[in-house]
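Asks: The structure follows.
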Amino acid sequence: MFQHVVILPILLPLLAGALMVIPAVSRNMVLQRRLGTVASVLAVVLAVWLLVLVDHNGTQAYAVGEWKPPFGILLVADRLATLLLLLTSVLLLAVQLFASAGEDERGRFFQPLLMFQVMGIQGAFLTGDIFNLFVFFEVLLIASYALLIHGGGKAKTAASLHYVILNLAGSALFLFALGILYGTFGTLNMADMQANAALIQNDDLYLAKVGALLLLVVFGLKAAMLPLHFWLPKAYAAAPAPVAALFAIMTKIGIYSLWRVHSAIFGEHAGALANVALPWLWPMAWLTLALGVVAVLASQSLRALAANLVIVSVGSLLLMVANPAQSTTAAGLYYLVHSTLATALIFLIAGLIMGQRGKSEDRFVRGRPLAHPRLLGGLFFIAALALIGMPPFSGFIGKALMLSAALDEGVAGWIWPPLLLSSLAALLVLSRAGSSIFWRSRGRAVPVTIDTRQLAGIGVLLVALVLMVVLAGWLTAFTDRAAADLLAGMQLVLPEGR
Amino acid sequence: MNKALLPMPIHTAVLLLTWLLLNDFSIGHLLLGSLLAVLIPWLVAPLSDPQAPVRKPGKALVYALIVLWDILRSNIEVAILVMRPNRSLRPALLALPLDIQGDLPQALLASTISLTPGTVSMDFSEDRRWLYIHALHVTDEQALLRSIKERYEAPLKEIFAC
Amino acid sequence: MTLYEWFIAALLVIGGLFTLIGALGMVKLPDLYTRLHAPTKATTMGIGCILLASMLMRLDRNEGFGIQELVISLFLFITAPVSAYMIAKAAMHLRVPLQPGSDPHRLLEKARDQQPPQ
Amino acid sequence: MEFAYALGVGFLTGAGVFLMLRGRTFPVILGLTLLSYAVNLFLFASGRLTINAAPILGTASEYTDPLPQALVLTAIVIGFAMTAFVLILAMRARADLGNDHVDGHLPPAQLSARAEQRRERREHS
Amino acid sequence: MTLLWILLLPMMGIVTPLLTERYGRNVCAAMTALPPAIALMLLLQQAPVVMSGQVPSLHAEWIPALGLNLALHLDGLAWLFCLLILGIGLLVILYARYYLSDRDSMGQFYASLILFMTAMLGVVLSANLLQLWLFWELTSISSFLLISFWSWRTDARKGARMALAVTGAGGLALLGALILIGHEVGSFDLATVLASGDLLRQSELYPVILALFLLGAFTKSAQFPFHFWLPHAMAAPTPVSSYLHSATMVKAGVFLLARFYPVLAGTDLWFVVVSLTGMATLLVGAYTALFKHDLKGLLAYSTVSHLGLITLLLGLGTALAPVAAVFHIINHAVFKASLFMAAGIIDHESGSRDMRKLNGLWQFMPVTATLAMVAASSMAGVPLLNGFLSKEMMFAETLEQYTFGALSWWVPLLATIGATFSVAYSLRFMHDVFFNGQPIDLPKTPHEPPRYMRVPVEILVVLCLLVGMFPDLMVGTLLKTAAGAVLQAPVPEFELGVWHGFNLPLLMSMLAVSGGVAIYVNRRFLFQFQSQFAERDAKLVFEASVQSLVRKAGQLHHLIDNGSMQRAMFLMLLLALVLMAWPLMDLLNTAGGRPELALNWGVVFCTALLIAGTLLTIWWSHQRLWALLALSIVGLVVSVAFAWFSAPDLALTQLSVEVVTVLLFLLALFFLPRHGPIMDGPLRIMMRDLGVSVLFGSVVGTICYALLTRPLDSISGYFLEHSKTGGGGTNVVNVILVDFRGFDTLGEITVLGIAALGIYKLLARMTLAMPSADDDGRAWARERHPALLALVSQSLLPLALLVSAYIFLRGHNMPGGGFIAGLITAIALIQQYVAHGVVWMKQRMPLSYEALIASGLLIALTAGLGSWLFGHNFLKTWYDYFYLPGVGKFELASAMVFDLGVYLTVIGATLLILANLGKLTTSERIRTGDE
Amino acid sequence: MLNTLLLWVAGVVGLALVLNAWRLVRGPSVTDRVLALDTMYINVIAMIILLGIYFDTSLYFEAALLIAMLGFVSTAAVSKYLLRGDIIE
Ligand code: NA
Ligand code: NA
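Chains as they are written, first to last, in the UniProt record's numbering: chain S, 1 to 498; chain V, 1 to 162; chain D, 1 to 118; chain L, 1 to 125; chain R, 1 to 931; chain C, 1 to 89.
As structure tokens, this is what we get:
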């Protein structure tokens with residue numbers, strides 16, 4: 001039974017989601033929510049279990065259908081994947097709880113879609129097969145399309161249109177890339193592909209290069225790398241609060257894939273294909289960060305700001321990816337986890353704030369005073385500190401790790417200025433935001449209740465952020481090991497005994 | 001026959017036959033085909049409106065053969081017509097007064113007319129008493145209408161006793 | 001070539017020929033309603049002969065009792081008239097002219113006037 | 001034969017790309033559809049072209065590469081789901097936003113052109 | 001452990017005020033004061049140890065990867081600062097008890113104050129560079145909260161933001177500096193770093209480190225030109241000012257300079273930059289202070305000036321300058337804290353801080369006046385007060401230094417000028433407020449404050465006197481220990497006396513005092529001179545520059561992202577094009593070695609048809625129905641291509657998907673405009689797009705051709721080999737789909753199911769304008785469901801279901817399978833919808849399509865999970881052959897169950913999409929009564 | 001011999017396809033285009049059957065069967081669209 005723990009993070013949400021679609025369940029909100037909470041808690045437990053297992057016993061592989069790799073689909077749970085699984089399930093728990101307060105009633109199928117979305121994400125993290133990665137990308141994308149329009153409204157529709165169409169084009173490019181890669185490598189298993197990459201010769205080399213570079217576009221689109229980031233601000237700003245919070249992980253999937261594919265398959269060990277994407281990734285990563293800073297400064301509402309901060313974090317992470325080394329990768333990994341949690345937190349808080357400010361919503365203008373100024377102010381303050389990268393929350397550790405890693409790699413001259421300036425910009429704008437939203441008010445507050453489940457959701461993220469600081473020693477050591485694993489490349493791990 | 005078990009016996013027969021046409025004949029397929037032939041009508045029965053029953057199956061067979069022959073014959077005629085210059089064509093729009101009633105008989109008549117080259121059923125009048133027909137080349141409209149009524153409508157009327 | 005094969009060849013030729021005639025009709029006939037007659041050639045003689053050829057071929061090669069092609073014919077025979085019917089109906093609705101400048105609805109009335117119901 | 005195939009794929013791709021760059025939802029979706037045809041053919045081509053070698057065991061002596069076929073099948077299904085979604089989304093956008101531009105609003109130039117038309121129509125009537 | 005408690009007690013004390021707020025002001029204040037008071041006692045208890053030169057310390061690992069550990073130490077400098085922080089902090093707590101009004105939230109105030117106190121303690125106690133930075137940033141954050149305490153006031157908000165921005169920026173620079181230092185030294189441990197002075201000074205990065213470091217220190221300590229935030233931080237309640245801007249916050253900067261003195265000082269760069277900055281700050285602060293009419297404004301600029309003085313001392317490079325600096329840190333803290341408190345009392349009891357209105361307060365509050373005047377005298381450097389002593393030391397050190405070579409004499413001269421202005425503004429503080437006629441328009445009649453509000457001032461003023469008169473006794477040892485900690489070396493001998501005889505420094509002092517009196521007496525001329533310069537409010541300047549930054553950023557951002565999807569799409573495709581084309585440039589031969597298939601007419605025709613259909617789709621994209629027909633041709637040809645190139649399964653799938661897609665398009669087209677503009681953009685854009693499309697297409701075509709003409713060595717042999725033996729099916733594609741890669745299929749049907757759910761959501765609450773006529777304004781045909789169509793559709797249904805069963809059952813061995821079968825069933829049912837309408841179908845087939853999707857997914861999942869029961873992995877399939885008499889051999893396989901799941905999901909999804917779309921239109925039309 | 005003939009017949013059917021395509025392009029009415037497309041479906045069936053004979057395989061039979069079914073569905077739907085605008089009502 002224990003060997004199946006690797007596939008459970010995919011099957012559990014699928015099962016929960018499918019059950020929730022059954023009409024008897026889907027019309028019973030209470031049942032649906034309970035099911036969702038149970039599934040989310042189980043997902044966290046599973047992820048912790050898997051993480052501990054992998055950290056102790058090394059990478060775990062699972063051959064679906066027991067077809068030996070590279071022929072069947074192999075799931076590979078290494079440290080990198082399990083950390084991201086844990087992150088995803090924590091996020092799921094937070095979002096599920098938050099949404100259970102009522103957001104999930106503003107349209108049908110919210111809870112199952114949440115589950116399907118997570119299934120796609122977890123699958124993308126776990127799979128060791130590049131076409132299977134495409135399939136899980138599509139699962140998570142279609143679920144995200146459906147979640148984005150939850151609740152309806154003009155802004156959501158307009159944002160969805162861009163998001164969906166651009167991503168459809170991205171999927172087409174993904175398939176082109178897969179065609180090229182299969183057409184040159186003759187295999188789909190990532191580890192097998194990596195093994196073949198070093199051997200590829202002659203003209204096939206250039207074709208394989210095309211495939212690898214196309215994947216850069218595909219993953220860059222997911223990650224919101226410049227100039228592929230245009231979908232992001234609108235989508236994040238329009239999405240319902242819990243959905244936006246869940247979307248915090250979306251860009252990270254792109255980053256993850258870049259690591260998997262461009263740091264591992266086409267990484268150091270890929271012979272003539274080694275680091276093929278880096279010369280392109282470098283400038284685009286830098287520009288992403290730079291533009292992120294500009295966009296942060298230009299933000300006029302809390303959600304737009306949070307979205308632009310996502311671009312900043314993406315830029316920072318891309319710079320880490322563009323300089324593949326153990327220190328940069330480890331730093332990026334820590335920062336990835338942090339920024340996902342912090343972004344999710346600010347989106348959830350923004351959701352609460354929006355609900356209390358009337359027409360001013362979350363814009364940086366004078367508005368109705370909040371019904372819970374102290375609570376929300378305190379939460380906002382915490383989230384802001386985390387986002388800026390100020391102590392005592394994990395942001396500063398992440399920033400410091402990245403700065404330090406950049407220094408180790410000798411690229412501090414390029415990376416430091418935008419990284420530090422991005423913090424400054426965030427500080428300027430977040431302080432402006434907080435002071436406008438919480439202090440500049442007019443009129444009288446309208447009583448609005450905050451559901452305990454909403455607080456519970458936020459609480460999950462807060463606890464996670466605090467744990468990231470308290471357990472930073474262990475976590476950084478873990479990310480270090482994960483980075484080492486990743487850069488060592490993917491081995492064609494045969495599942496035990498089979 | 002048990003109506004509940006076999007709601008649409010003709011369908012069942014046709015389905016079984018089709019199944020055997022699709023697959024090679026074997027005991028296994030006979031069993032499987034029978035199963036499907038029972039199961040499917042049972043599933044689709046609610047979606048089928050009741051139709052006039054075939055009173056004279058033998059006549060129906062004869063009718064089918066006549067139509068087949070007509071298709072062969074008129075195909076050649078029309079092929080020649082098509083190859084001739086357009087100006088020699090005398091297309092016409094005809095209205096066929098309908099004697100037969102009922103969806104199925106009327107549908108069969110309309111289909112027959114369309115299948116035999118040279119004529120196409122275009123529409124029923126709203127009161128379903130007329131069938132509009134387009135003919136590719138008509139010299140004697142009355143004759144054409146009469147032949148349709150005699151050759152197709154009358155047998156159909158007999159088959160369905162309507 | 002055996003006589004059997006000659007027969008198959010003949011069927012193929014006839015099938016192809018009628019398909020082509022149908023297509024020629026589509027190109028050269030003057031209006032939609034006359035063109036509506038063309039697919040009938042293709043569906044009946046054209047496809048019928050080719051399907052028959054295929055069936056006979058299969059029998060010849062001794063691949064069992066494979067007359068699946070009959071099912072296709074069955075389908076086509078059932079559906080082709082309805083397709084034509086629907087297209088014609090649509091054309092009438094859209095008032096696609098029967099003869100240059102004509103209104104098909106007017107013509108329908110005229111057709112009925114010629115022949116009062118018996 | 002390979003050249004003709006590649007030519008077709010190239011044409012489909014180019015056409016798809018061109019339509020995807022349009023400003024109205026319908027052409028864009030047409031473009032997406034064309035592009036997914038291209039993608040499917042391309043992915044299929046990764047197994048190379050073979051004739052009369054369908055990967056049904058027992059029907060031939062040599063078989064074509066079955067894997068890309070399975071991949072394309074998956075891609076077709078997913079593409080269908082996506083096309084359906086985006087099509088309905090386009091409808092929804094028209095309903096919500098009142099126009100069928102991908103940005104949810106008409107660009108200024110076209111807005112003024114439309115106003116012009118409306119004015120002319122008023123003058124005529 | 002004591003060390004930890006000194007930090008932890010206040011830290012835990014952050015919540016006490018919030019918890020005790022409800023029990024009244026006295027309780028709250030007392031409970032707030034308790035933890036720091038204990039901490040102070042612990043600190044005093046440590047005094048003998050520290051003064052004996054020992055350094056108690058504490059170390060615990062935290063983040064080894066980063067080099068950030070929990071490390072505390074209590075050396076002389078830290079002890080001194082702790083004393084100031086805790087001591088003055090306690091006085092401020094007492095003072096604030098009376099200062100705050102009932103409207104103010106005392107709990108919140110105290111909590112922020114204690115947070116700040118903790119942060120400050122952390123800064124001075126840190127023995128790890130990064131941990132120091134952590135607390136450093138906390139001081140910025142908590143001071144932000146304190147400055148903005150009266151958040152309803154614009155100046156408080158803006159002042160706080162400005163302070164945060166400047167110190168925050170400095171903090172980031174400092175972080176950079178610290179990481180660089182840690183990188184150079186190889187450790188963030190303070191002791192190690194302090195021992196690596198030579199290494200750092202010789203490092204190539206030294207200038208960068210120094211620049212970043214000083215940026216951090218100078219912004220925090222409000223050094224010129226970063227001093228502008230400090231006066232605006234005066235919007236804070238006065239207890240905050242008296243705490244932050246005397247003893248703590250601003251002192252953090254000079255603390256940092258002192259802390260790193262042994263490693264970073266000692267180069268010309270340091271001396272020149274630090275002393276020049278200090279001197280400039282000293283002069284600018286002192287000069288500006290004179291002209292401030294606001295009591296706190298004067299004190300703020302005075303603070304700036306005195307911080308400049310300390311900085312100047314740290315930059316002089318003489319042996320005793322650091323000692324003098326430390327001494328002035330103490331003295332300034334004491335007199336400035338008391339002055340702020342006095343100013344607060346005046347403000348509190350008179351309702352104004354404007355010195356133009358405040359006159360002759362001596363009559364109203366003689367005790368406070370006396371206290372304030374003593375403290376102000378100390379600030380002016382009057383003998384027998386502590387301020388005099390450190391200023392004398394400063395004068396002496398300016399005379400010792402030789403930083404600027406022959407021009408070094410400028411330093412004492414300018415220092416004297418600074419001191420002169422210092423005397424002048426101190427005089428103004430005393431004379432203008434307490435004498436100088438009668439008060440003008442004060443909101444309240446001034447009077448003495450409550451008894452205990454004055455106690456903190458009294459204590460501090462007494463300290464001024466005591467230190468001023470008995471310096472060696474009071475602070476001798478402390479100063480020696482603290483200076484030792486600064487220098488990290490034996491402290492040179494120095495004498496703390498009140499009287500050093502007549503010497504040059506004394507002369508400078510006398511010059512300063514007499515000059516100051518002279519300036520104050522003739523201040524009218526200076527005020528007049530100054531008034532010709534329009535005063536620039538730093539807050540407005542800062543605000544304007546931030547706004548201009550935001551505006552410029554907005555413009556730039558809009559330039560890049562104007563919200564146009566076409567641009568986004570163009571850039572993405574362009575990027576893809578470039579990235580694809582780039583490696584192709586190196587590809588020498590497009591055609592590879594694989595023999596090509598022979599061309600025939602059928603293929604030529606089909607290719608032509610494909611291209612024609614493609615072009616027509618574009619050409620007709622404005623005539624949308626026509627475009628749809630053209631698209632169908634393309635789909636048809638693609639299916640034929642699949643069939644031709646040995647992929648019957650693909651042909652079947654493509655065909656059935658094609659039809660459903662067309663139906664969807666038709667449904668959508670009913671609501672979308674049926675015509676679009678022929679030119680949907682400027683010609684230039686169209687041509688640009690055309691160019692990119694042509695290039696894109698040709699690149700993809702080239703790649704395709706290159707792939708097709710090269711041999712491939714793939715893993716597929718395995719599938720062909722094991723399909724029958726391992727998967728039990730002869731249709732290898734199907735076996736791949738349900739077995740080898742069944743997991744993909746599971747994902748694929750999930751996608752389909754989700755898409756259906758998503759579309760269901762999209763259709764919910766959708767209000768559509770239902771076209772009541774077609775394009776030409778013609779009303780729709782009256783007949784809803786033509787009878788012929790209805791009848792034929794009905795009769796075809798069983799046949800279609802039979803075919804779908806046929807395709808389903810043989811899928812494992814021949815072309816077909818669950819997906820295609822599902823689509824056929826779905827299409828047959830949709831045909832019923834088309835022929836009969838939604839209402840009819842709903843009545844006769846009340847089927848929940850969601851349930852169908854759910855059951856499909858669950859069946860597929862169960863098929864996969866079933867293998868667990870047999871101890872196998874997910875989706876491990878099973879099959880076997882059975883014999884039945886009469887029937888013969890037949891096969892049963894678990895993959896069929898999986899395929900059944902696929903089948904049901906496909907039906908459910910397709911129908912959920914289409915039937916709901918239909919439902920929507922029906923209800924609409926009935927409501928609008930369009931019939 | 002028979003195979004050569006098959007190729008010729010396929011060519012003829014292909015020609016028919018092209019002629020029908022020409023009608024599709026020409027129109028002039030939309031019903032003409034629909035009719036042309038419907039006929040093309042039937043031509044493709046013929047083509048696929050010929051393919052099956054040529055390769056001596058029954059693998060393509062289902063494709064032909066499917067086109068027969070699906071061609072009808074689309075033609076009916078498009079006509080319904082022209083008549084009523086809404087194909088499922
Ligand atoms: Na006919
Ligand atoms: Na005065």
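All C-beta atoms, glycine included, are put in the ideal place defined by N, C-alpha and C.
These figures come from a predicted structure and were not determined experimentally.
Alpha carbon to alpha carbon, what distance is there between S:F381 and R:A538?
Replies: By one-based count along the fifth sequence, residue 538 of chain R stands at place 538. By one-based count along the first sequence, residue 381 of chain S stands at place 381. Each residue's Cα considered, the two are about 26 Å apart.
Asks: Beta-carbon within less than 7 Å of R:K444's beta-carbon, same chain only, minus the 5 sequence neighbours each way: which residues are those?
Replies: Your numbering for residue 444 of chain R matches position 444 in the fifth sequence. Excluding positions up to five away in sequence, the list reads E349, S350 and G351.
Asks: Hey, L:F18 and R:S564: beta-carbon distance below 7 Å or not?
Replies: In the fourth sequence, residue 18 of chain L corresponds to position 18, counting from 1. In the fifth sequence, residue 564 of chain R corresponds to position 564, counting from 1. It is not a contact, given that the beta carbons lie outside the stated cut-off.
Asks: In chain order, which continuous runs of the beta strand (DSSP E) of length 3 or greater are located wholly inside the region 335-365 of chain R?
Replies: Runs found: none.
Asks: Mind checking V:I80: buried by the 16 CB within 10 Å criterion, or exposed?
Replies: Taking the first residue of the second sequence as position 1, residue 80 of chain V is located at position 80. With fewer than 16 Cβ atoms within 10 Å of its Cβ, V:I80 is classed as exposed.
Asks: State the DSSP-derived secondary structure class of S:Q60, mapped to helix, strand or coil.
Replies: Along the first sequence, read from residue 1 onward, the residue named residue 60 of chain S stands at position 60. Strand, per DSSP.
Asks: Quick one: which chain D residues come within Cβ less than 7 Å of C:R23?
Replies: On the sixth sequence, residue 23 of chain C is found 23 positions in, with the first residue counted as 1. By Cβ distance, chain D contributes M26 and V27.
Asks: I think S:V139 touches S:Y62, with their Cβ atoms under 8 Å apart; what is that distance to the nearest whole Å?
Replies: Taking the first residue of the first sequence as 1, we reach residue 139 of chain S at position 139. Taking the first residue of the first sequence as 1, we reach residue 62 of chain S at position 62. Actually they are not in contact, since the Cβ atoms of S:V139 and S:Y62 sit about 18 Å apart, beyond 8 Å.
Asks: Residues in its own chain within less than 7 Å of R:L574 by CB, not counting five upstream and five downstream?
Replies: As a position in the fifth sequence, residue 574 of chain R is number 574, starting the count at 1. Same-chain partners within the cutoff: V692.
Asks: If we ignore side chains and look at the alpha-carbon of each, how far apart do V:R151 and D:C49 end up?
Replies: For this step, residue 151 of chain V is matched to residue 151 along the second sequence. For this step, residue 49 of chain D is matched to residue 49 along the third sequence. Using only the alpha carbons, I get a separation of about 25 Å.
Asks: Going along the chain, which residues of its own chain have a beta-carbon closer than 6 Å to the beta-carbon of R:A424, five neighbours each way excluded?
Replies: Taking the fifth sequence and counting its residues from 1, the one referred to as residue 424 of chain R is at position 424. Taken in chain order, the residues that qualify are L290, G516, I519 and Y520.
Asks: Rounded to whole angstroms, how far is the Cβ of D:A80 from the Cβ of D:T43, which I believe are closer than 8 Å?
Replies: The residue you call residue 80 of chain D lines up with position 80 of the third sequence. The residue you call residue 43 of chain D lines up with position 43 of the third sequence. Confirmed, Cβ separation roughly 4 Å.
Asks: What first and last residue would you give for the alpha helix (DSSP H) that runs through S:A169?
Replies: In the first sequence, the residue the question calls residue 169 of chain S occupies position 169. Note, S:A169: alpha helix (DSSP H), K154 to F185.
Asks: Measure the alpha-carbon distance for L:V9 versus R:L610 and round it to whole angstroms.
Replies: Stepping through the fourth sequence from its first residue, residue 9 of chain L is reached at position 9. Stepping through the fifth sequence from its first residue, residue 610 of chain R is reached at position 610. If I take the Cα positions, the gap works out to 9 Å.
Asks: Whose CA, out of R:R97, R:H227 and R:N731, lies closest to the CA of R:G170?
Replies: Counting from one through the fifth sequence, the residue named residue 170 of chain R turns up at place 170. Nearest option by C-alpha distance: R:H227.
Asks: Nearest-angstrom Cα distance between V:D24 and D:G16?
Replies: For this step, residue 24 of chain V is matched to residue 24 along the second sequence. For this step, residue 16 of chain D is matched to residue 16 along the third sequence. Between V:D24 and D:G16, the C-alpha separation is close to 28 Å.
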